[in-house]
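Right, one structure below, let's go through it.
Number of protein chains: 2
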Amino acid sequence: MKIPAMKRRDFLKVGGGVVAGAAVGITGTNVGNNLGAGGELAAVASSRGLTGAEARAALTSVVPPGKYDPFFMFASGGHSGQISIIGIPSMRLLKIIPVFSRDSFSGYGFGTDVDGVIPRGSDPTKSNLLSWGDTHHPALSETEGRYDGRWLYVNDRANGRIGMVDLADYKTKQIYDIPNIGSAHGGVFVTPDSEYAHVSSITPRPITDNGYAPLESYADLYRGFSSWCAIDQTTGHLVPEKSFQIELPPYNQDLADMGKLASAGYGFLNSFNAELSVGMSHKNPPIEIGAAKNKYDYLHVIDWKKAEKVVAAGKIIMRNGIRVIPLQVAISEGILHFIPEPKNPHGVEVSPDGNYIVIAGKLDPAVTVYSITMIKKAIEDKNFEGTDRYGVPIIPITAVTAAHVELGAGPLHTQYDGKGNAYTSLFIDSAIIKWTLGPDAGVTEKPFTVLEKIPVHYNIGHLAIPGGDTVAPVGTYMVALNKWSLDQVQKLGPQHPVNLELFDINHTPPRVLSSLPLGGSEPHYAQIISVDRLNPLTVYPPGTSPETMAKSEFATASGQERIVRADGFVDVYATVMRSHFTPEQIPVTVGEKLRIHLTNIETAENATHTFAVPNHNLQATLDPGETVSVEFTADRVGSFAFYCAQFCSAMHMEMYGWLLVAPAGA
Amino acid sequence: MKIPAMKRRDFLKVGGGVVAGAAVGITGTNVGNNLGAGGELAAVASSRGLTGAEARAALTSVVPPGKYDPFFMFASGGHSGQISIIGIPSMRLLKIIPVFSRDSFSGYGFGTDVDGVIPRGSDPTKSNLLSWGDTHHPALSETEGRYDGRWLYVNDRANGRIGMVDLADYKTKQIYDIPNIGSAHGGVFVTPDSEYAHVSSITPRPITDNGYAPLESYADLYRGFSSWCAIDQTTGHLVPEKSFQIELPPYNQDLADMGKLASAGYGFLNSFNAELSVGMSHKNPPIEIGAAKNKYDYLHVIDWKKAEKVVAAGKIIMRNGIRVIPLQVAISEGILHFIPEPKNPHGVEVSPDGNYIVIAGKLDPAVTVYSITMIKKAIEDKNFEGTDRYGVPIIPITAVTAAHVELGAGPLHTQYDGKGNAYTSLFIDSAIIKWTLGPDAGVTEKPFTVLEKIPVHYNIGHLAIPGGDTVAPVGTYMVALNKWSLDQVQKLGPQHPVNLELFDINHTPPRVLSSLPLGGSEPHYAQIISVDRLNPLTVYPPGTSPETMAKSEFATASGQERIVRADGFVDVYATVMRSHFTPEQIPVTVGEKLRIHLTNIETAENATHTFAVPNHNLQATLDPGETVSVEFTADRVGSFAFYCAQFCSAMHMEMYGWLLVAPAGA
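Protein chains in written order, with this note's numbering: chain D, 8 to 673; chain V, 8 to 673.
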């Protein structure tokens with residue numbers, strides 16, 4: 008009954024060796040020498056009933072154990088309120104970053120009810136303490152129009168907020184509850200050097216003091232807002248006092264994009280419901296009908312460089328703590344222009360060179376391509392065909408249209424491959440159309456021509472190509488973010504997962520590589536970044552508070568643990584390491600206010616612990632080096648065995664202690 | 008600029024056709040005829056730097072788009088408080104079922120603050136309203152010792168609860184906050200015909216009225232409890248009045264398993280801390296030291312069939328709403344016996360035939376195998392070597408040990424392949440040992456012999472084989488649930504994902520197929536079931552309340568929508584369909600109490616909608632046919648654009664309406 012002598016694989020060495028620089032799919036130097044003629048592979052494929060195409064796709068996308076994905080996809084999580092990181096091409100869900108929703112796994116929002124990122128991100132004048140959000144459009148920070156791997160921003164479509172994730176430690180550091188908007192959809196998109204994170208409202212809100220107005224006064228009292236949230240270049244935080252908004256008519260401002268290179272300094276916002284439909288009543292049709300009556304809605308062209316100057320000149324009002332350029336000022340100062348766009352458009356995406364602004368028609372089976380050169384000229388020439396009802400000048404569509412490319416039913420979103428091609432998703436047709444841009448993007452042969460129709464599985468929303476919305480796309484992979492999965496996975500109860508599909512777009516025609524029916528999250532938009540742009544830390548300097556990224560004043564070293572009663576508080580200075588808490592006994596009397604300051608004094612990578620308190624909503628995660636303070640009132644008599652909820656060592660089960668809340672006078 | 012004529016792939020037909028009965032990895036009839044001699048596959052593999060083994064593994068585990076996984080793994084989610092479903096062998100995360108934690112994606116816990124599964128699952132006498140949990144051990148319901156696909160139970164290790172998931176719709180229907188225990192770790196394991204879901208406390212709790220006692224009285228006043236929660240055979244719900252508990256000494260009862268076949272009628276609970284360590288103080292060492300002093304702890308052998316009779320005979324006390332067999336009654340009635348087990352064991356797992364009870368030593372580099380035949384004989388013969396300090400009779404270890412098999416450092420958990428082999432995880436050695444069972448399991452040649460040492464990547468916890476804890480394991484695949492990932496994925500900030508590894512155990516020696524560094528959840532235990540055992544619904548009968556699985560009294564049909572004011576409430580009877588709510592305008596006055604009853608009147612599969620209310624913690628998900636009621640007070644003046652957060656149709660963006668909360672007297 009002895010263990011046979013065998014050599015244990017030295018993973019650290021083998022893994023590390025293979026891994027170094029091995030961006031699978033990019034380099035391929037480690038040629039297998041035991042593949043033979045491939046006959047064995049064909050036999051394996053055959054035995055599993057794989058077609059040749061399926062076998063080839065598997066080999067083209069697999070990332071074997073110990074090797075790495077060259078790309079990470081940062082995908083929004085819809086009304087799960089989070090960000091997901093998915094490896095490309097392996098399509099493995101590697102991490103979930105909670106942004107707006109409380110998350111007991113990370114302890115996010117479970118440290119205390121009165122402190123932390125979430126409460127500070129819920130403006131008490133606007134809403135109750137919010138513990139959910141609806142993330143749609145992540146925006147990686149950029150330098151010179153390329154992802155720089157510093158920060159990530161994402162909108163809360165539900166509640167008019169932006170969350171900021173620090174890519175130094177992949178944690179949410181700030182939620183900014185933006186004044187004057189109740190929803191946020193047009194963004195987040197950052198300016199090419201991350202001066203601003205932009206978001207605009209999808210539904211307007213009354214500009215009355217109490218945020219209420221009857222729908223009869225919709226045209227007069229409801230307004231949209233384009234929000235330019237200034238980014239601190241050191242911390243990545245959004246700075247309210249340096250931010251500004253532009254008041255907009257109460258159309259539904261939909262998606263947005265930032266100009267770049269040729270169109271730098273401009274922002275573009277789609278809209279729908281120029282009809283001002285307010286919904287079904289005895290005399291009105293539902294919004295889906297009422298808002299789809301007119302032939303055109305309005306592309307909003309915003310000159311944000313000019314807006315900055317207007318703000319600097321003080322031509323603003325203060326509204327709920329933010330500087331606002333009133334609509335009439337925006338008009339008179341030439342900040343805001345409209346261009347008609349075919350009905351109820353959805354995506355607006357600027358080509359890598361910045362020359363083309365591509366509008367997906369949604370109810371128009373085409374994309375309309377505007378030229379920034381022609382837009383600038385029209386504005387300069389004051390070539391307007393009147394104004395809308397609020398006085399915003401309208402540029403004639405004919406004056407700025409470079410092309411109107413018929414694609415098929417339900418165009419939604421466009422990405423670019425950096426080789427002169429655009430890829431546009433068709434929601435109704437369940438397909439992606441590959442088509443060419445025009446001369447301003449370097450395409451002279453067959454400009455604005457449909458090249459391929461790539462079928463996808465059901466109702467695609469967004470699509471993502473590495474860097475596909477930057478000045479430098481990497482046209483290698485493309486992910487289709489499909490909204491319905493139906494028969495792509497067995498029944499999993501009434502709610503099917505969404506279904507992501509990975510395509511090889513190096514190949515002509517593009518070939519499907521794999522699909523990922525993904526449970527628990529609904530990605531809307533996603534951005535794909537080369538992993539080599541990212542360089543997070545893995546162990547904090549001792550006693551770091553992730554919120555400030557500085558040493559916590561409550562950091563505690565080994566041997567300094569203590570319980571101090573002062574100023575009406577019981578301050579517990581505790582350390583945490585494999586496999587015990589110090590102190591292990593915390594005796595208090597019911598009603599006492601506790602502040603427990605925990606420092607994980609581990610220095611080993613991955614040595615994360617948690618502090619979980621049964622029968623309380625208290626669960627703090629402590630990464631190596633991290634200090635966290637949790638504050639609560641011991642309002643319940645009892646003996647509670649707090650413990651580490653993270654499987655941390657062989658003695659993990661023994662890693663617990665006692666919070667002893669004695670009755671008064673005991 | 009016309010779309011080239013091209014034939015759109017007819018996915019429904021192709022997908023459906025390929026899929027019918029195509030359990031990939033089980034059958035393989037669809038032999039690829041364009042694989043040629045496989046030379047192309049070798050070339051693809053070579054171009055990506057894959058070794059032959061890597062290429063073979065990829066082809067052995069891939070599940071191509073449109074084909075299905077033959078197995079689903081139901082994995083716990085640790086302190087995320089949820090259950091994950093992962094396809095095997097594709098290792099794709101297909102679904103997340105929230106159990107104990109609020110989840111805005113599904114709307115779970117966001118419908119109202121005063122109703123629903125979560126509040127009813129928080130015993131107000133024991134804890135505050137809990138919105139998190141720590142899921143460890145899922146238990147699929149069984150019939151005759153096999154998974155039957157009806158229900159799933161999982162423990163909340165943190166708070167002493169069990170959650171019940173209905174596999175008819177994959178939703179949590181009940182949380183049972185079990186009296187008298189503050190934690191829950193020994194389970195959930197169900198009896199072979201799902202009569203009971205068992206869980207025991209991991210840390211004892213004072214049996215004082217207020218749940219508090221100083222640690223000086225630990226031996227006298229703290230107690231563990233073995234909880235036998237009766238399962239209603241129609242609904243799957245746990246029925247408190249038919250359940251019972253057995254009082255136990257204040258050892259830390261760790262993992263548990265149910266006897267089956269030869270050992271049917273018995274339950275087995277490991278324990279540690281027979282030393283009664285209460286943690287570091289001026290005179291005591293930390294628990295990790297204090298609880299590891301003795302050479303032996305005690306395996307608890309419980310005769311639950313006999314316990315049922317004792318309960319029926321009324322030899323119980325009522326304690327906080329549950330029938331309890333006091334410790335002394337359990338002793339005198341012969342319900343509870345102890346067997347010494349090497350120090351601080353972790354897993355106890357009964358072999359498929361029920362003959363062997365395998366204890367993983369954790370601090371002992373071996374598994375100890377007890378024979379149920381020998382245990383029964385020792386009990387019958389009253390072959391005891393005295394009692395513990397509480398009077399529990401102790402069976403001599405020598406009288407019942409069939410084997411003591413040396414495996415290596417840190418044995419934790421064991422699974423079976425149905426072919427006479429056991430697989431035991433070694434946490435410290437980062438390996439899995441394949442070894443043989445003995446004669447009672449049909450192994451006559453080389454019994455209790457180590458066959459293979461299978462290296463894994465860092466600190467494995469549990470492992471899972473399809474049916475690996477039932478009477479009928481399917482020894483095809485094995486998943487290692489590794490706690491640390493380190494270099495298996497690039498840096499993702501200080502917290503690394505866990506890392507699941509898939510092995511082909513049809514092959515000798517077992518071969519690694521793939522790895523899944525999994526973010527956002529920490530699986531502890533997992534069970535793998537053949538998908539053909541599952542048959543969930545996809546569309547509810549019209550107006551179904553998932554909580555009751557019956558027609559809701561508030562179900563509303565098209566044309567019957569209305570707003571009714573009565574009894575101090577505003578009752579809104581609403582319908583939801585692509586792409587509008589009816590009514591679309593809900594005008595109320597601040598302070599009014601609303602009950603909004605929403606019925607999704609869709610009948611199409613996958614046509615899920617949500618009802619999301621900005622600036623409120625209200626987000627309800629409505630699957631086709633479902634009726635949900637949300638209740639809240641309109642305590643905030645404003646115009647709020649509620650909307651569907653689920654991308655449901657081309658007109659999804661237009662699917663919203665207005666909740667208009669006017670000020671009083673407006």
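Ideal Cβ placement from N, Cα and C applies to all residues, glycine included.
- Chain D places no beta carbon closer than 7 angstroms to that of isoleucine 338/V, leaving this residue out of the contacts.
- Aspartate 539/V sits in a helix when the DSSP states are folded into three classes.
- At a Cβ-Cβ threshold of 7 angstroms, glycine 140/V and glycine 84/V do not count as neighbours.
- With a threshold of 16 other beta carbon atoms within 10 Å, lysine 267/D meets it and is buried.
- Close partners of tyrosine 663/V in chain D (Cβ separation under 7 angstroms): Thr210, Ile294.
- With a cutoff of 7 angstroms on beta-carbon distance, asparagine 162/V and phenylalanine 232/V are scored as not near each other.
- Between aspartate 511/D and leucine 525/D, the C-beta gap is not smaller than 7 angstroms, which leaves the two residues out of contact.
- Membership of threonine 380/V in the alpha helix (DSSP H) is indicated by the continuous run 379-387.
- Neighbours of histidine 420/V in chain D, taken as residues at a C-beta separation under 9 angstroms, are lacking, since the least C-beta distance is about 12 angstroms.
- Counted as a single uninterrupted DSSP element, the stretch harbouring aspartate 200/V is not any beta strand (DSSP E), since DSSP gives it neither H nor E.
- Interface with chain D (7 angstroms Cβ-Cβ cutoff): tyrosine 177/V is included.
- In terms of CA proximity to leucine 507/V, Gly73/D leads the group Ser552/D, Thr58/D, Gly73/D, Arg55/D.
- Leucine 444/V sits in coil when the DSSP states are folded into three classes, being neither helix nor strand.
- One finds Pro501, Gln502 in chain D with Cβ atoms closer than 7 angstroms to the Cβ of aspartate 630/V, taken in chain order.
- Along the region 125-146 of chain V, the positions whose C-beta sits under 7 angstroms from a C-beta of chain D are Lys133, Ser134, Asn135, Leu137, Ser138, Trp139, Asp141, read in chain order.
- Its chain contains Leu147, Ser148, Met171, Val172, Asp173, Leu174, Ser201, Ile238, Gly243 as the residues whose beta carbon lies nearer than 8 angstroms to that of tryptophan 158/V, once the 5 sequence neighbours on both sides are disregarded; these appear in chain order.
- Setting aside the 5 residues that flank it on each side, isoleucine 214/V is surrounded in the same chain by Leu228, Arg230, each with a C-beta closer than 7 angstroms to its C-beta; the list follows chain order.
- Out of Pro553/V, Arg164/V, Met658/V, the CA that lies nearest to the CA of proline 530/V is found in Arg164/V.
- Sorting Ile338/D, Asn428/D, Gly415/D by C-alpha distance to the C-alpha of glycine 393/D places Ile338/D at the top.
- With respect to chain V, the C-beta atom of histidine 587/D has a partner C-beta closer than 7 angstroms.
- Below 8 angstroms, too few C-beta pairs join the region 540-560 of chain D and the region 620-627 of chain D to call them touching: fewer than three.
- Runs of the alpha helix (DSSP H) spanning 4 or more residues and lying entirely within the region 185-271 of chain D occur at 225-228, in chain order.
- Across the set Lys350/D, Ala438/D, Pro446/D, Phe434/D, the C-alpha of Pro446/D shows the shortest separation from the C-alpha of tyrosine 363/D.
- Annotation: the region 63-137 of chain D contains the following complete segments of the alpha helix (DSSP H) (minimum length 4 residues), in chain order: 124-127.
- Rounded to the nearest whole angstrom, the CA to CA distance from leucine 136/V to serine 108/V is 11 angstroms.
- Close partners of tyrosine 532/V in chain D (Cβ separation under 8 angstroms) are lacking, with about 11 angstroms as the shortest Cβ gap.
- Looking at the DSSP output, serine 278/V sits in a beta bridge with Gln260/V.
- Distance between glycine 575/V and proline 553/V, taken at the CA atoms: about 27 angstroms.
- With the criterion set as a beta carbon lying under 8 angstroms from some beta carbon of chain V, the members of the region 214-232 of chain D are Asn217, Gly218, Tyr219, Ala220, Pro221, Leu222, Tyr229, in sequence order.
- In this model, aspartate 110/V and leucine 48/V are separated by some 44 angstroms (Cα to Cα).
- Annotation for threonine 617/V: Thr628, Cys651, Ala652, Gln653 place their beta carbon closer than 6 angstroms to its own, counting only its chain and skipping 5 residues before and after.
- Contact between glycine 664/D and phenylalanine 588/D holds: their C-beta atoms lie close to 5 angstroms from each other, under 8 angstroms.
- Among the residues of chain D, those whose CB is under 7 angstroms from the CB of arginine 99/V are Leu523, Pro524, following chain order.
- Secondary-structure assignment with DSSP links asparagine 506/D through a beta bridge to Asn489/D, Pro524/D.
- If you draw a straight line from the Cα of proline 454/V to the Cα of proline 349/V, it comes to about 21 angstroms.
- Boundaries of the alpha helix (DSSP H) around valine 317/V: 311-319.
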